[in-house]
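**Q** For the sequence shown, position 385 matches number 396 in the numbering used here, and the numbering has no gaps at all.
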Amino acid sequence: MQLRKRSLVYPALMAAVALVLSVALLQLAQFGGQATARAEPLAQTAPSEFTLTVVKDAVPNSTQPFTFLVGAAIPEFSVGAASAGALGAAQFDAAQDVPEGIFLFELIDDGTGISNTWTISGPTEAALVIIYEFLTEGWMPTDVRCQDGVGVVLRGWQIDGVGAFILLDVEDGGDYTCTFTNGAPAIEFDKTVGTDPSVCAPAGEIDAVEGTDVTYCYTVRNTGGLPLVVHGLEDDQFGPMLSALNYTLAPGASTFVTHTATAAVTMTNVATWTAAVTYVSYISLPIMGLLMPEPPEGQFSSSSQDLLPKYFHPFSAEATDAATVNAAPPAPSIAVTKTVGIDPGVCASVSNIAVSPETTVYYCYTAANTGNVALPLHDLEDSELGSIFTGLDYMLAPGSSANTVAAGVTVSATIDVATTNVATWTAYVDDSVTAQSVTAVDSATVRLTPTGIDLDEQPDNGRLYLPQIGR
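1) According to DSSP, simplified to helix, strand and coil, what is Cys-375?
2) Can you tell me whether Pro-251 is buried or exposed, with buried defined as 16 or more other CB within 10 angstroms of its CB?
3) Tell me where the beta strand (DSSP E) around Asp-159 begins and ends.
4) Pop quiz: Leu-63 and Tyr-187 are said to be a contact at Cβ under 8 Å. What is the actual Cβ separation, rounded to whole angstroms?
5) Along the beta strand (DSSP E) that carries Phe-114, what are the first and last residues, could you check?
6) My assumption, with CB atoms under 8 Å, is that Leu-521 sits in contact with Leu-403. Please give the rounded CB distance.
7) Given this structure, state the Cα-to-Cα distance separating Phe-398 from Leu-391, to the nearest angstrom.
8) Using CA atoms only, rank isn't needed, just tell me which of Ala-451, Val-204, Thr-192 is closest to Thr-271.
9) Measuring alpha carbon to alpha carbon, tell me which residue in Gly-82, Val-220, Thr-435, Thr-123 is nearest Phe-114.
10) Quick one: measure Cβ to Cβ for Thr-283 and Glu-245, integer angstroms, because I've assumed they're closer than 8 Å.
11) To the nearest angstrom, report how far apart Tyr-439 and Leu-253 are at their CA atoms.
12) Whose CA, out of Trp-129, Ser-394, Gly-194, lies closest to the CA of Tyr-152?
13) By the 10 Å Cβ neighbour count, where 16 or more other Cβ atoms means buried, how is Phe-249 classified, buried or exposed?
14) To the nearest whole angstrom, what separates the beta carbons of Pro-355 and Gly-382, a pair I think is in contact under 8 Å?
15) Distance check for Lys-202 and Gly-149, CA to CA, integer angstroms please.
16) Does the distance from the C-beta atom of Thr-335 to that of Glu-216 stay below 9 Å?
17) For Thr-277 and Ser-126, I'd like the C-alpha separation in whole angstroms.
18) Thinking C-alpha only, which one of Val-161, Phe-326, Val-347 is nearest Gly-236?
19) Identify whether Asp-453 lies in helix, strand or coil by the three-state DSSP scheme.
20) Where Gly-243 and Ser-412 are concerned, what is the direct C-alpha to C-alpha distance, given to the nearest angstrom?
21) Please list the terminal residues of the continuous beta strand (DSSP E) segment that includes Ser-265.
22) Cα-Cα, which of Ala-286, Gly-174, Val-140 is closest to Leu-146?
23) Which term fits Gly-263, buried or exposed, when burial requires 16 or more other beta carbons within 10 angstroms of its beta carbon?
24) Nearest to Thr-223 by alpha carbon, out of Asp-332, Glu-182, Ala-274?
25) Start and end of the beta strand (DSSP E) containing Ala-138?
26) To the nearest angstrom, report how far apart Cys-157 and Pro-134 are at their CA atoms.
27) Using DSSP with H/G/I as helix, E/B as strand and the rest coil, what is Val-220?
28) Taking just the CA atoms, how far does Ala-338 sit from Asp-120?
29) Which two residues bound the contiguous beta strand (DSSP E) that contains Gly-194?
30) Skipping 5 residues on each side, what residues in its chain have a beta carbon closer than 7 Å to that of Asp-453?
31) From the DSSP output, in three-state form, read off Thr-348 for me.
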């Protein structure tokens, strides 16, 4: 991977490098560390062999390049490695004003495992090696973890105003792996709408009658690697709903808010959720060394720390989603189906049968709400049997149906003459019989077969064929 040219940035970058290298030993002297300051190389000592692997861990994975520096903490000595890994390695020449022995490279952790490591190995004259990652816009350093060849974790890393770094004591050589972890804010946002205010509806679009209360649900999930602590939510129809809300949403966690409104017209509204984390880093001051966001216990009081100048790095993520309510004017409607059979407790499937005289038949009345308004009150009248019920309290929702058998209402008659009777079902749009109502009718017929022969099953010529009688 070729490092991109940054000619305009080199002077500032080298100033930062110089600052880092010049104060590193002072920092160790102030706070203590894993290395000891050395003013000059040890005489008559062969360079130690060491291997250093730098690993980039971006949460979540990204194609964002991250810039690193590796060099000797004491400028007089070179890292002096015999070879550097090809992936991301780039040693600058003198024309680029980068000191010899300083390695500047980029790593990318896109999840492929191809370009997220850089390795250097060989003999070194350096007793202390610094690994430095510069801050990348939109990404927050969260951890630096170095391990030696036997898996011992080496701490002592710090984050300052321009990056994160660690100093390694490599005087005795060895193998080291240093993983630099960065987090970026990322969210998933889902807006849904329904009519039940107690739950988040599963869909982002519904049909509703004008004047119906609908509840919007705004759900956000933290899919990044940083806690999100400041939240904003704005709906293009309802305006700001959250403004700088302080709420810690951990990585992987989710939360939601709801808003209930009355559906007046068909409307699609778009909402935007913004979630942010504010990272505080202390400015590197040459006279003070590099100050950590969380200095070792006893070094600084909270009051004195508050007086230090700081950089504030706001990191935020934003996502949008929409929900639609298709509002229609109220249109109550009902359909009724009347059927008849000879089995009690069963809603028959036909509306025309033939039976012998004195047979008991059972009628079933099925009502279906074919409109868009719930029907809570019902009357049923039969032209031959009279009133079946009046003021029946039953909430018949749009698109649903109900029948008298399922409701436990038994309607029967003993047939001794052919009968066709008509059912009239009346449903009301609220729980008062004075309210607007809708009506539907249907009929059922019972025929008699006195001889036990069903005339409808004879040939269509209208003749009745009897057995031949011999003479």
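Each residue gets a CB set at the ideal place from its N, CA and C atoms; glycine is no exception.
Owing to the predicted nature of the structure, the values given are computational and were not obtained by experimental measurement.
**A** Taking the coordinates as given:
1) strand
2) It counts as exposed.
3) First-last of the beta strand (DSSP E) with Asp-159: 151–159.
4) 5 Å
5) Looking at the DSSP string, the run of the beta strand (DSSP E) that includes Phe-114 is 114–118.
6) Coverage of the chain is limited to positions 12 through 482, which leaves residue 521 absent and any answer about it impossible.
7) It is Ser, not Phe, that sits at residue 398 in the sequence shown. Spanning the alpha carbons of Ser-398 and Leu-391 requires a straight line of approximately 6 Å.
8) Val-204
9) When only C-alpha atoms are compared, the closest one is Gly-82.
10) 5 Å
11) 42 Å
12) Contrary to the premise, residue 152 reads as Pro rather than Tyr in this sequence. If you compare the alpha carbons of Trp-129, Ser-394, Gly-194 with that of Pro-152, the shortest gap goes to Gly-194.
13) exposed
14) Their Cβ separation, rounded to whole angstroms, is 32 Å, which puts Pro-355 and Gly-382 out of contact at 8 Å.
15) 26 Å
16) A contact, by the Cβ cut-off of 9 Å.
17) Separation of Thr-277 and Ser-126 (C-alpha to C-alpha, rounded to the nearest whole angstrom) is 51 Å.
18) Here the closest residue by C-alpha is Phe-326.
19) DSSP places Asp-453 in strand when its eight states are reduced to three.
20) 44 Å
21) For Ser-265, the enclosing beta strand (DSSP E) begins and ends at 265–273.
22) Gly-174
23) exposed
24) That would be Ala-274, whose Cα lies nearest to the Cα of Thr-223.
25) Where Ala-138 is concerned, there is no enclosing beta strand (DSSP E), given that its DSSP letter is neither H nor E.
26) Rounded to the nearest angstrom, the two C-alpha atoms are 20 Å apart.
27) strand
28) 48 Å
29) That run of the beta strand (DSSP E) goes 185–194.
30) Val-347, Thr-348, Lys-349, Ala-434
31) strand
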